[in-house]
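These notes are about the structure you will find just below.
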Amino acid sequence: MASSSRAQVLDLYRAMLRESKRFSAYNYRTYAVRRIRDAFRENKNVKDPVEIQTLVNKAKRDLGIIRRQVHIGQLYSTDKLIIENRDMPRT
Amino acid sequence: MLLRAAWRRAAVAVTAATGPKAAAPTRGLRLRVRDCAPRSAVPADTAAAPEAGPVLRPLYMDVQATTPLDPRVLDAMLPYLVNYYGNPHSRTHAYGWESEAAMERARQQVASLIGADPREIIFTSGATESNNIAIKGVARFYRSRKKHLITTQTEHKCVLDSCRSLEAEGFQVTYLPVQKSGIIDLKELEAAIQPDTSLVSIMTVNNEIGVKQPIAEIGQICSSRKVYFHTDAAQAVGKIPLDVNDMKIDLMSISGHKIYGPKGVGAVYIRRRPRVRVEALQSGGGQERGMRSGTVPTPLVVGLGAACEVAQQEMEYDHKRISKLAERLIQNIMKSLPDVVMNGDPKHHYPGCINLSFAYVEGESLLMALKDVALSSGSACTSASLEPSYVLRAIGTDEDLAHSSIRFGIGRFTTEEEVDYTVEKCIQHVKRLREMSPLWEMVQDGIDLKSIKWTQH
Chain A
1 MASSSRAQVL
11 DLYRAMLRES
21 KRFSAYNYRT
31 YAVRRIRDAF
41 RENKNVKDPV
51 EIQTLVNKAK
61 RDLGIIRRQV
71 HIGQLYSTDK
81 LIIENRDMPR
91 T
Chain B
92 MLLRAAWRRA
102 AVAVTAATGP
112 KAAAPTRGLR
122 LRVRDCAPRS
132 AVPADTAAAP
142 EAGPVLRPLY
152 MDVQATTPLD
162 PRVLDAMLPY
172 LVNYYGNPHS
182 RTHAYGWESE
192 AAMERARQQV
202 ASLIGADPRE
212 IIFTSGATES
222 NNIAIKGVAR
232 FYRSRKKHLI
242 TTQTEHKCVL
252 DSCRSLEAEG
262 FQVTYLPVQK
272 SGIIDLKELE
282 AAIQPDTSLV
292 SIMTVNNEIG
302 VKQPIAEIGQ
312 ICSSRKVYFH
322 TDAAQAVGKI
332 PLDVNDMKID
342 LMSISGHKIY
352 GPKGVGAVYI
362 RRRPRVRVEA
372 LQSGGGQERG
382 MRSGTVPTPL
392 VVGLGAACEV
402 AQQEMEYDHK
412 RISKLAERLI
422 QNIMKSLPDV
432 VMNGDPKHHY
442 PGCINLSFAY
452 VEGESLLMAL
462 KDVALSSGSA
472 CTSASLEPSY
482 VLRAIGTDED
492 LAHSSIRFGI
502 GRFTTEEEVD
512 YTVEKCIQHV
522 KRLREMSPLW
532 EMVQDGIDLK
542 SIKWTQH
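This is the structure in structure tokens:
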């Protein structure tokens, strides 16, 4: 497989964030969004293509996990937390 | 007409349902459990009274009691709950082989987190069972030559209870006191070790005050005096770096549900080089090297393994974040409220467990007031009794401050908004409760409460 381009990495980033925002549990939602942002930011200067590919593969696996867990969370959703009412719906 | 009959039945049920109330105190926190199973068309006899608006769940700030499952852990467990349901001890078919492979993979994940060999990890039902195996197992095995054990006064109830039951069997136990900081005195430990001491058991991070014991130094002392060293690391594993070889730990207890794993699983690390012999508590088919018979619950241990792997990857990130949030919580509370004491040494301290005493405020009433935040005063296992926590008593806290302590837990999923909300509500309610307190009034007037002679009526 050809090494991932900048565009592919950005697409993956956007897809992960988009999917994470669909978590119905406040704590999981905020954690996923925050962790994805911080992880991509932390690795933004990695130059070695092998390492980039490893990171991208891990991110793809994590995207799969997020998709499944978002779905399960929605099947078993419950009431919102006390601070979700007052929060602006940003995360 | 069928509908009217159903409504009439429901109305009767509602009036009948306001009978005996539940005995357990719920702080007005009886939450709605959404039942996802399909309902029948006829309302059940226990139909609830019409609800008063949406119920909002409280924030969870009690991570020392238990932690939510990390989604990555649940994702790892589900295949073994749905399709790969074999018994890992079945040696004759693929269901058993795949289940066994998963169990061994989980064993490797747990071992790698603490720097151990996979053969040294035994899966149990939790840290309580691990503590029982470690303490009773070692003591009983070496019973003929060694009859003395050492532990501390701030250990978890299961350790203290195991020691008490061993005392009934004829063993001698020294309960080391702790200093005001919550940390043991190493010289006292050295002095307490006798020629017939078989085991020293000291927890790594305390679950009530978050104090970190000097494990590496204790390990050094124990190995030089040829005494086995057991540590209950339930609150420390996956949160601070631990290495059983660097710290010379011989036995360690691990709990699944404290590290974002499932409840009902744990592990005990038992050193093989040099070999620590342990008498098994649970007899049976010889699983887990004969030390813990019984079918190993594959989905649960897969969850434990996944939780350990995630913890290893996220340890640094989580620690940095939790330290920042803890700093924020403590600073904001202390700058807005006077007379707040943090229990436990501020330096040798795990940041995610903050125990604060608010003077002139009763702890239970503050907990009742903070009904939108799930908090605890002291540990879950002692919260049923009205006595203040024995850990706080051991560090020498005054009786009245011990009654007014609250434990704030900050974990991987805690957000800044949750911390800010908790701080805001805490400040608001402490101020309100202090306004109502006659003791506070007297203190404001400059009276020294210790000098008062309280008369009996």
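In order, the protein sequences belong to chains A and B.
Reminder that position 83 of the first sequence reads as 83 in the working numbering, one-by-one numbering, no gaps.
Numbering-wise, the working numbering comes out as the position in the second sequence, counting from 1, plus 91.
Glycine residues also receive a C-beta, built at the ideal position from the N, C-alpha and C atoms.
Note that the structure is a prediction, hence the values are computed from the model and not measured.
Residue i at chain B interface by Cβ criterion, 8 Å
i: Tyr13 of chain A; result: no
i: Lys80 of chain A; result: yes
i: Gln74 of chain A; result: no
i: Arg22 of chain A; result: no
According to DSSP, residues forming a beta bridge with residue i
i: Phe23 of chain A; result: Phe23 of chain A pairs with nothing; no bridge assigned.
i: Leu267 of chain B; result: B:Thr243
i: Ala465 of chain B; result: B:Tyr151
i: Gly73 of chain A; result: None, per the DSSP bridge assignment.
i: Asp323 of chain B; result: B:Ser344
i: Asn297 of chain B; result: DSSP output for Asn297 of chain B lists no bridge partner at all.
i: Cys399 of chain B; result: Beta-bridge pairing links Cys399 of chain B to no other residue.
i: His440 of chain B; result: B:Val302
i: Ile361 of chain B; result: B:Leu342
i: Phe449 of chain B; result: B:Val431
i: Ile213 of chain B; result: B:Val359
i: Gly500 of chain B; result: B:Cys444
i: Thr90 of chain B; result: The first residue shown for chain B is 92 and the last is 548, placing residue 90 of chain B beyond what the model contains.
i: Ile275 of chain B; result: B:Val269
i: Leu540 of chain B; result: For Leu540 of chain B, which the question treats as bridged, DSSP gives no partner whatsoever.
i: Leu81 of chain A; result: B:Arg148
Contact list for residue i against chain A, beta-carbon separation under 9 Å
i: Glu400 of chain B; result: Neighbours of Glu400 of chain B on chain A: none; closest Cβ ~12 Å, over 9 Å.
Interface residues of chain A facing residue i [CB-CB closer than 8 Å]
i: Phe504 of chain B; result: Asn27, Tyr28, Thr30, Tyr31
Exposed unless 16 or more other CB atoms sit within 10 angstroms - verdict on residue i
i: His184 of chain B; result: exposed
i: Met527 of chain B; result: exposed
i: Ile350 of chain B; result: buried
i: Pro268 of chain B; result: exposed
i: Ala259 of chain B; result: exposed
i: Pro162 of chain B; result: buried
i: Gln304 of chain B; result: buried
i: Leu611 of chain B; result: Given that chain B is displayed from residue 92 to residue 548, the structure contains no residue 611 of chain B and the question cannot be resolved.
i: Glu407 of chain B; result: exposed
i: Glu19 of chain A; result: buried
i: Leu447 of chain B; result: buried
i: Leu10 of chain A; result: exposed
i: Ile538 of chain B; result: exposed
i: Asn434 of chain B; result: buried
Proximal residues of chain A, C-beta to C-beta of residue i below 7 Å
i: Val146 of chain B; result: Asp79
Within chain B, the residues that residue i reaches when beta carbons sit closer than 9 Å
i: Asn57 of chain A; result: Under the 9 Å cutoff, chain B gives no residues; its nearest Cβ is about 15 Å from Asn57 of chain A.
Chain B contact residues for residue i, given Cβ-Cβ distances below 8 Å
i: Ile83 of chain A; result: Leu150, Glu508, Glu509, Tyr512
Within-8 Å CB hit, residue i to chain A
i: Asp430 of chain B; result: no
i: Asp463 of chain B; result: yes
i: Leu120 of chain B; result: Since pLDDT at Leu120 of chain B reaches only 49, below the 50 mark, its modelled position is unreliable, and no value is offered.
i: Val133 of chain B; result: Confidence at Val133 of chain B is low in this model, with a pLDDT of 48, below 50, so its placement is unreliable and the value that follows should be read with caution. No, no contact with chain A.
Item to complete: Using a Cβ-Cβ cut-off of less than 7 Å, give me the residues of the segment 153 to 175 of chain B that come near chain A, in sequence order.
Response: Result list: Pro159, Pro162, Arg163, Leu165, Asp166.
Worksheet item: In chain order, what residues of the segment 42 to 71 of chain A put their CB closer than 9 Å to some CB of chain B?
Response: Look at the segment 42 to 71 of chain A: the residues with a C-beta under 9 Å from a C-beta of chain B are Glu42, Asp62, Gly64, Ile65, Ile66, Arg68, Gln69, Val70.
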